[in-house]
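Chemist: Below you'll find the structure I mean.
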Amino acid sequence: SQQGEEDPQALSIQEGENATMNCSYKTSINNLQWYRQNSGRGLVHLILIRSNEREKHSGRLRVTLDTSKKSSSLLITASRAADTASYFCARDAGNMLTFGGGTRLMVKP
Amino acid sequence: DAGITQSPRHKVTETGTPVTLRCHQTENHRYMYWYRQDPGHGLRLIHYSYGVKDTDKGEVSDGYSVSRSKTEDFLLTLESATSSQTSVYFCAISAPGIRGSYEQYFGPGTRLTVT
Numbered sequence: 001s002q003q004g005e006e007d008p009q010a011l012s013i014q015e016g017e018n019a020t021m022n023c024s025y026k027t028s029i030n031n032l033q034w035y036r037q038n039s040g041r042g043l044v045h046l047i048l049i050r051s052n053e054r055e056k057h058s059g060r061l062r063v064t065l066d067t068s069k070k071s072s073s074l075l076i077t078a079s080r081a082a083d084t085a086s087y088f089c090a091r092d093a094g095n096m097l098t099f100g101g102g103t104r105l106m107v108k109p
Numbered sequence: 110d111a112g113i114t115q116s117p118r119h120k121v122t123e124t125g126t127p128v129t130l131r132c133h134q135t136e137n138h139r140y141m142y143w144y145r146q147d148p149g150h151g152l153r154l155i156h157y158s159y160g161v162k163d164t165d166k167g168e169v170s171d172g173y174s175v176s177r178s179k180t181e182d183f184l185l186t187l188e189s190a191t192s193s194q195t196s197v198y199f200c201a202i203s204a205p206g207i208r209g210s211y212e213q214y215f216g217p218g219t220r221l222t223v224t
């Protein structure tokens, strides 16, 4: 079973639009992390948000965390074709991460 | 890839044969992990290690064993491969990121097909 569940499972947008992906989880967290995976490659860490934080920014990425709702969202602004990838949230449970099923994002040029 | 290599990168094997996948890191990180990735399931943790000869089970450990005799190498063994173990296997290490929280860095993956 997965502790993190992403929504939607797939998302298709035009270049320049914003992309929003959501993640829900079931138990308490130390932090929540977002990763990106290009087709056929390993995952790459994007951003981490601690349980006592509500929002973080990194370049065109904005992550929010609502611990009362046990949910997080990843916003990619002004998307580019190169943003096409799968995006995963992962709940940090100490020394282990529990990943969700991912959102497949396609950005059309 | 944070100095993480996996070998082999691709393997086709027959049901019932033993298979060993190798993960090698160059930066002496303490924690290492093996995941499998299947469509519809994301990444699932098989086993992890928190030091030489120190390992523990993850979510989907049945049918797998691991060994870590050196800091830099973490081996995943399928004692008798089954078709349900056809998957892409990723190794990862855990390293401190900004402000001390740990982030994981992944190897390139091994695509295993069991026929």
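Chains as they are written, first to last, in the working numbering: chain G, 1 to 109; chain A, 110 to 224. For each residue, glycine too, the CB sits at the ideal point set by N, CA and C. On a predicted model such as this, the values are computed, not experimentally measured, just so you know.
Which of the residues in the stretch 19 to 36 of chain G, read from start to end, lie with their CB under 9 Å from any CB of chain A?
Modeler: ASN30, ASN31, GLN33, TYR35
Chemist: Are the CB atoms of THR180(A) and VAL161(A) within a distance shorter than 8 Å?
Modeler: yes
Chemist: Going straight from the alpha carbon of ALA201(A) to that of GLU15(G), what length do you get?
Modeler: 32 Å
Chemist: Give a yes or no on whether the minimum CB-CB distance between LEU61(G) and chain A is below 8 Å.
Modeler: no
Chemist: Any beta carbon of chain A sitting closer than 8 Å to that of GLY102(G)?
Modeler: yes
Chemist: In the DSSP assignment, find the unbroken beta strand (DSSP E) run with ASP7(G) in it and report its ends.
Modeler: 5 to 7
Chemist: Taking THR129(A) as part of the beta strand (DSSP E), name the residues at either end of that continuous run.
Modeler: Segment 128 to 134, the beta strand (DSSP E) holding THR129(A).
Chemist: GLU181(A) CB to nearest chain G CB: under 8 Å?
Modeler: no
Chemist: How big is the Cα-Cα spacing for ASP92(G) and GLY125(A)?
Modeler: 35 Å
Chemist: Out of curiosity, what's the CA-to-CA distance linking THR27(G) and PRO109(G)?
Modeler: Here the alpha carbons of PRO109(G) and THR27(G) stand approximately 39 Å from one another.
Chemist: Measuring only the C-alpha atoms, how far is LYS56(G) from ALA78(G)?
Modeler: 17 Å
Chemist: Return helix, strand or coil for SER193(A), following the three-state DSSP convention.
Modeler: helix
Chemist: Which of the three DSSP states is assigned to ASP204(A) in this structure?
Modeler: Residue identity differs from the one stated: residue 204(A) is Ala in this sequence, not Asp. The three-state reading of DSSP puts ALA204(A) in strand, counting E and B together.
Chemist: Taking C-alpha atoms, which residue in HIS156(A), VAL121(A), TYR140(A) lies nearest to GLY172(A)?
Modeler: HIS156(A)
Chemist: What residues from the stretch 141 to 159 of chain A come within 7 Å of chain G, judged by C-beta to C-beta, listed N to C?
Modeler: So the close ones are GLY149, HIS150, GLY151, LEU152, LEU154, TYR157, TYR159.
Chemist: Is there at least one Cβ from chain A nearer than 8 Å to ALA57(G)'s Cβ?
Modeler: With the sequence shown as reference, residue 57(G) is identified as His, and Ala is not the correct amino acid for it. Chain A, which has no Cβ nearer than 8 Å to the Cβ of HIS57(G), makes this no.
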